[in-house]
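> Its first residue numbered 1, the sequence shown is counted upward by one per residue in full-length UniProt numbering. Glycine included, every Cβ here is placed at the ideal spot set by N, Cα and C. What follows is a structure written as structure tokens; I'll ask about it next.
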Amino acid sequence: VLLEAGANSDQADVDGWTPLRAAAWGGHTEVVELLVKHGCVLDSVDAENRTALRAAAWSGHEEIVKILLQNGASVNLTDHEGRTALIAAAYMGHAEIVEHLLNYGADINHADADGRTALSVAALCAPRTPGASVVATLLERGATVDHRDKEGMTPLLVASFEGHRDVCELLLENEADVDHCDHGGRSPLWAAASMGHAPVVALLLFWGCCIDSMDSEGRTVLSVAAAQGKGKV
């Protein structure tokens, strides 16, 4: 009724939220369809430079993502932190949305302001999805397995710190560097041991990692595990 009466479909509030941005965030598929049919601007951005597509990707609203993509929404626009819709979906563990975005040309190796790609954040947040499905999808589609963020951390190093054994195994099976160290000299084994992740430690040892690596302060894997009281490691 409001649209038929001439309401401005692109009017934004003080935070830059248009009706489309609000509907996409809230998961209101029918409203999104109405606004799109009315010809609203698909790629308008809010105060954080976030589009309706990014909002829907973050929130897990798959049907809305599909509608926006099918109607020409730009897939690789970034917010103020350099994050694309793909990075948002990967961070939140929405595997189906990741697939849709990639099918519409999402840049799989785009890095945000912290230097993290979709694979980096998927490795960080893997427990959101059973079986590390987002990580598996990204690897199958050609994500760079040893991408380094601004701290020199690879997805394997991130996953080792977090204790995500299944993700570590997937990355190693895709030829991740088992001994890569970040800018602090911390290897995946050092990371897993320092956090007490015994299953990850065992996995990394199975893959032949260096057992006596030291960080930039001269702390070995054994010494950091002992200092943290990680007896099982």
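Which residue marks the beginning of the alpha helix (DSSP H) containing residue 260, and which one marks its end?
Any question about residue 260 goes unanswered here, given that the chain covers just 1 to 233.
> In angstroms with no decimal places, state the Cα-to-Cα distance between residue 117 and residue 97.
For residue 117 and residue 97, the distance between alpha carbons rounds to 16 Å.
> For the alpha helix (DSSP H) containing residue 62, list its first residue and its last residue.
From DSSP, the alpha helix (DSSP H) with residue 62 extends over 62-70.
> Using the C-alpha atoms, what's the distance from residue 81 back to residue 150?
Going by the C-alpha atoms only, they are around 14 Å apart.
> Determine whether the beta carbon atoms of residue 110 and residue 163 lie at a separation below 9 Å.
In this structure, residue 163 does not lie closer than 9 Å to residue 110 by Cβ.
> Beta-carbon separation of residue 204 and residue 168 under 9 Å?
Result yes, Cβ atoms of residue 204 and residue 168 sit closer than 9 Å.
> Could you check whether residue 100 and residue 65 sit closer than 9 Å to each other, using their CB atoms as the reference points?
Yes.
> Taking the alpha-carbon of residue 23 as reference, which of 39, 61 and 199 has the nearest alpha-carbon?
The candidate whose alpha carbon is nearest that of residue 23 is 61.
> Relative to the C-alpha of residue 31, which candidate in 42, 19 and 41 has its C-alpha closest?
Nearest of 42, 19 and 41 to residue 31, Cα basis: 19.
> From which residue to which residue does the alpha helix (DSSP H) around residue 103 run?
95-103 is the extent of the alpha helix (DSSP H) around residue 103.
> Tell me whether residue 232 is buried or exposed, calling it buried when 16 or more other Cβ atoms sit within 10 Å of its Cβ.
Burial call: exposed.
> Are there 16 or more other CB atoms within 10 angstroms of the CB of residue 216, so buried, or fewer, so exposed?
Exposed is the call here.
> In its own chain, which residues sit with a C-beta less than 6 Å from the C-beta of residue 63, not counting the 5 before and 5 after it?
Taken in chain order, the residues that qualify are 29.
> Verify whether the separation of the beta carbon atoms of residue 106 and residue 76 is less than 9 Å.
Taking 9 Å as the Cβ cut-off, residue 106 and residue 76 qualify as a contacting pair.
> Counting only runs of 4+ residues fully inside the stretch 166-201, write out the alpha helix (DSSP H) ranges in chain order.
Taking only runs of at least 4 residues, the alpha helix (DSSP H) segments lying wholly in the stretch 166-201 are 188-195.
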